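Peer 1: Numbering follows our numbering, in which position 23 of the sequence shown is assigned residue number 373; successive positions increment by one, without gaps. Note that CB positions come from ideal geometry on N, CA and C, so glycine has one too. None of the values given here were measured: they were computed from a predicted structure.
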Amino acid sequence: PNLKILSMNANSVTGKLNLIKCYVETYRPDLVCICETKISATFDDNELLGNEFTLWRNDRAQGAGGVLIAMRNNISAKVIESYSGPGESVTIKLQIHDKIVFNVVTFYRPPSEYELDNLKDIIDLYSAANSSILLGDFNLPDIEWASDIPHVKPMSHRKSLHQRALDIIMEADLAQLVSGPTHRLGNTLDLVLINRSLLDELNVICNILNRISDHNMILVDVYVQVFSSHTG
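#1: Could you tell me if P379 is buried or exposed, where buried requires 16 or more neighbouring beta carbons within 10 angstroms of its beta carbon?
#2: Label D498 either buried or exposed according to how many other C-beta atoms from any shown protein chain fall within 10 Å of its C-beta, with 16 as the threshold for buried.
#3: Of all the options A411, G400 and I425, which has the alpha carbon lying nearest to the alpha carbon of K354?
#4: T456: which of A411, L405, P504 and A427 sits nearest, CA to CA?
#5: Quick one: Cα of A391 to Cα of L539, how far?
#6: Let me know if H580 comes out buried or exposed under the rule of 16 or more other beta-carbons within 10 Å of its beta-carbon.
#7: For Q575, which residues of its own chain have a beta-carbon under 8 angstroms away from its beta-carbon, when the five flanking residues on both sides are left out?
#8: Can you grab the Cα-Cα spacing for the pair L535 / A411, in whole Å?
#9: What three-state label does DSSP hand S481 in the structure shown?
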């Protein structure tokens with residue numbers, strides 16, 4: 351793959367530093383996207399993966415929640431810019447092969463947050479450019495993604511919330527690429543959303559891996575589609 355991304359809800363990185371390093375050594379990702387980092391400003395970047403990676407973080411003030419993206423320093427892609435967005439999110443804009451530019455966004459939606467403003471804001475902000483991959487824990491257990499047409503499960507106790515979230519995702523013309531359970535209770539909470547138009551340029555394959563917490567990790571392989579090499 352041209353880019354390999356390891357996405358996880360760690361439920362605190364501080365107690366799992368050796369485990370995270372072990373998985374990074376095993377899967378050799380270029381990017382590591384983590385939700386629920388649960389770290390504060392006193393946590394030094396090098397504590398996580400050493401000096402082989404550069405980190406972009408959005409810590410929650412009280413040391414709960416929080417997201418980060420870590421990028422291996424020797425990959426061919428380069429970061430054009432980075433920023434924190436609505437809610438708990440962090441974004442890097444990557445250029446790969448000197449031709450493809452797209453955002454990688456890590457997003458965490460707390461389960462207690464019943465409003466969907468942050469989800470709508472983050473999707474509106476990044477899907478408008480038609481060039482984003484959004485990864486993270488969206489905490490939407492009642493959406494059935496494995497069917498041909500995603501839908502809210504009939505037994506949902508929060509149908510309106512989940513239907514609104516699904517509408518936001520569908521109206522933005524985003525494809526959701528994780529089809530199996532990612533949580534110990536059997537729900538698909540950890541999603542990979544991508545602009546359908548970006549799929550003309552990127553081939554993205556997702557695999558569900560071991561659990562790192564009560565969540566499974568997701569390995570995302572991104573392949574740049576073949577371009578014509580003819581010159582005029």
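Peer 2: According to the structure shown:
#1: Locating residue 379 in the sequence shown gives position 29, counting from the first residue. Buried: at least 16 other Cβ atoms inside 10 Å.
#2: In the sequence shown, the residue the question calls residue 498 occupies position 148. For D498, the number of other beta carbons within 10 angstroms of its own is below 16, and it is reported as exposed.
#3: For this step, residue 354 is matched to residue 4 along the sequence shown. Among A411, G400 and I425, the Cα nearest to that of K354 is on I425.
#4: Position 106 of the sequence shown holds residue 456. Comparing Cα positions, the closest option is L405.
#5: Here residue 391 corresponds to residue number 41 of the sequence shown, with the count starting at 1. Here residue 539 corresponds to residue number 189 of the sequence shown, with the count starting at 1. Put simply, the backbone Cα of A391 is about 27 angstroms away from that of L539.
#6: For the purposes of this step, residue 580 is taken as residue 230 along the sequence shown, with counting starting at 1. Confidence at H580 is low in this model, with a pLDDT of 42, below 50, so the placement of that residue should be treated as unreliable; the coordinate-derived value is given next. Per the 10 Å Cβ criterion, exposed.
#7: Counted from its first residue, the sequence shown places residue 575 at position 225. Closer than 8 angstroms at Cβ, skipping near neighbours: D550, E551, L552 and N553.
#8: Here residue 535 corresponds to residue number 185 of the sequence shown, with the count starting at 1. Here residue 411 corresponds to residue number 61 of the sequence shown, with the count starting at 1. Whole-angstrom Cα-Cα distance: 29 angstroms.
#9: Within the sequence shown, residue 481 is the residue found at index 131, counting from 1. In the structure shown, the three-state DSSP call for S481 is coil.
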